[in-house]
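Protein chains in written order, with our numbering: chain V, 1247 to 1541; chain X, 2 to 369. I have placed the structure first, in the form of structure tokens, so that the comments after it can refer back to it.
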């Protein structure tokens, strides 16, 4: 019982971290249809920027916001230069995936060159320990969980109840039609790159705060979990991506609590494979049939 | 100098075999194997444990691995090929199913990253992160020659294996089976309509490619004598993919040319350069260079240095289609619609210069 409770506790925390990353990935993937394998690299970037600022005396929460801004701008830069240029040339889905790997290599090893491939420790006070139904959380973990919950609510509210959200969903579903209806699709795409970049940066900081170590490849090694969560939910199902992230993290952490800790990571790939076998379009995705790249 | 040359020849063989096998999968058949390096790794580990001997057998280094045996010369190599093929046979049933090609790529990449984590974390399988060391070279006790001579003999052996691999891949590619594979790659629905069973054909190529990859891994590990997770990080796959794309996708000669240019000059030669900066800087810069070369090649010459031959679609760019056509498209979107017509295909944002390019790649992948 104690094991189960602690597994659930860890699962909630890592679910919140995974949800932050998965929502950004899902939003951007649904919008542009680019399977952006460089997403993990940008998560590492967020973590490293936050670490750098924090070590220079900036409060970690301010550093997290600044890291989110930095990653959002980088994400927009990559999206509106390289991806857009290739999309306008008529590059299709698989070429875009190769391209995103190239971007990932450049960003990853560029950070590696700057950080000398070091693995950094976050020397950051975790705050008091709170016990709750047999689960224990540190203050930092509670803040991560709470901010993930707030962001899910805000993002879902934005996507479904504001004009911008409707414009985003319309552009994702059919760019040509949205454009014909008077939506400024290029602006919508810009907003998407910024939003997903900000979520990616926050996800990276949260990842570093929960691992407490960070290197230039932290984000990329985390990518399989994001892919699993996003593909299970379906392309562009942003809120459901957060839900499947939570469920996936709970499955991983609970099985880890009951032993087989070296192998619990396999669950992510197992879930991904089973999903692709039985329902490749995901449970809630509506954009599976989309073939165009919008960038 | 002689040592460097021999080593470079051996690396050319390893990259050449890897690129040939990856080209068989990705170029000829359109299998988006972004986890290719795990097949090489399976071959390397299999060759290592079948030549290193049992773990408890007074081994000089304290390594733990689940099983070991000391087999005579050609058997470890064959064990490597067998392991690569078996791994493909296990993974194929799920990953060779019909799905978006970028999903297939993402799945294989995820498997590759997770596999590295598992083998690193569990010390009992292949000695975890430290890996296996002191793998004996084949016949090193029987051939009474100096190290330099041995290196050249090994280089010749690598070249013979590469030549055999080339002939096999060329034969597959030129056979009726190879023609069916190209048809499948370019349009799997059309191939299915004339009775080609996509899954079975892809499985055959996947297993054949896995076996050649295993052979390449075995060849490498028996020369360098050590294998650890650091040697098969997910990124290594993209060196081989770059060999294929730069050399010319779906072209076996191109794969070998790519292996020479990318494998030898970009990936291996820099380690012979005098060190600059801190240790590891060159390694990081190398990877950045590989990323940059990808973007340059995909932009300026996506068909590669030696383009695919024999395609009937000379008006379009066959290699680019190999990357981007066919099964990118989910099954149901087959009807003619405004958004999938060539010329307006990519996006509503496409402006005049872009749509011209779209139109040239259109006919082969456009709606029927």
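Heads up, the beta-carbon is just placed ideally off N, CA and C, and yes, glycines get one too.
When the beta-carbon positions are compared, residue 1296/V and residue 1451/V come within less than 8 Å of each other.
Between residue 1355/V and chain X, the shortest Cβ-Cβ separation is below 8 Å.
Secondary structure at residue 1366/V: strand, using DSSP grouped into helix, strand and coil. Residue 20/X places its beta carbon less than 8 Å from that of residue 256/X.
In the DSSP assignment, residue 1406/V falls outside any beta strand (DSSP E) and within the unbroken alpha helix (DSSP H) covering 1385–1407. For residue 133/X, the beta-bridge partners assigned by DSSP are 228/X.
Pairing residue 141/X with residue 27/X, the inter-Cα distance amounts to about 36 Å. In the DSSP assignment, residue 1375/V falls outside any alpha helix (DSSP H) and lies within the beta strand (DSSP E) extending over 1375–1378.
Around the beta-carbon of residue 68/X, fewer than 16 other beta-carbon atoms lie within 10 Å, marking it exposed. For residue 39/X, same chain residues with a beta-carbon under 6 Å away, outside a window of 5 residues either side, are 113 and 116 in chain order. Straight-line measurement puts the Cα of residue 1348/V at about 28 Å from the Cα of residue 132/X. Annotated as distal: residue 1341/V and residue 25/X, with beta-carbon spacing of 8 Å or more. Distance check between residue 226/X and each of 162/X, 134/X and 283/X places 134/X closest, using alpha-carbon atoms only.
Distance from the Cα of residue 1439/V is smallest, within the candidate group 1277/V, 1265/V and 1267/V, for 1277/V. Residue 1321/V and residue 1289/V have their alpha carbons spaced roughly 10 Å apart. Residues of the stretch 1488–1515 of chain V with a C-beta less than 7 Å from any C-beta of chain X: 1508, 1509, 1511, 1512, 1514 and 1515, listed in chain order. With respect to the 8 Å criterion, residue 243/X and residue 294/X are classified as neighbours on the basis of their beta carbons. Residue 1381/V carries a strand assignment under DSSP once its states are collapsed to helix, strand and coil. When CB distances to chain V are screened at a threshold of 8 Å, the residues of the stretch 239–262 of chain X falling below it are 239, 242 and 246, in chain order.
Proximity of the stretch 1262–1273 of chain V to the stretch 1453–1471 of chain V meets the contact definition, three or more beta-carbon pairs being nearer than 8 Å. DSSP places residue 285/X in the uninterrupted alpha helix (DSSP H) bounded by 282–301. As the crow flies, the alpha-carbon of residue 197/X is around 7 Å from that of residue 181/X. Against chain X, the CB of residue 1359/V has a partner CB under 8 Å away; the residue lies at that interface. By the CB criterion at 8 Å, residue 77/X and residue 219/X fall inside the cutoff. Among the CB atoms of chain V, one or more fall inside 8 Å of the CB of residue 293/X. Excluding the 5 residues flanking it on each side, residue 1402/V has same chain C-beta neighbours closer than 6 Å at 1485, in chain order. Listed in chain order, the non-local C-beta contacts of residue 1319/V below 8 Å within the same chain comprise 1440 and 1443, local neighbours out to five positions each way being set aside.
Look at residue 1340/V: its C-beta is under 8 Å from a C-beta on chain X.
The C-alpha of residue 10/X lies about 52 Å from the C-alpha of residue 1420/V. Looking only at 239/X, 309/X, 6/X and 15/X, the smallest Cα-Cα distance to residue 161/X is reached by 15/X. Bridge pairing for residue 1459/V: 1367/V [DSSP]. For the pair of segments examined, the stretch 200–207 of chain X was found to touch the stretch 169–186 of chain X: the number of CB pairs separated by less than 8 Å reaches three. Residue contact with chain X for residue 1328/V: present (Cβ-Cβ distance below 8 Å to some residue of chain X). For residue 94/X and residue 207/X, the gap between their C-alpha atoms comes out near 10 Å.
The Cβ of residue 66/X sits no closer than 8 Å to any Cβ of chain V. With 16 or more other Cβ atoms inside 10 Å of its own Cβ, residue 1536/V counts as buried.
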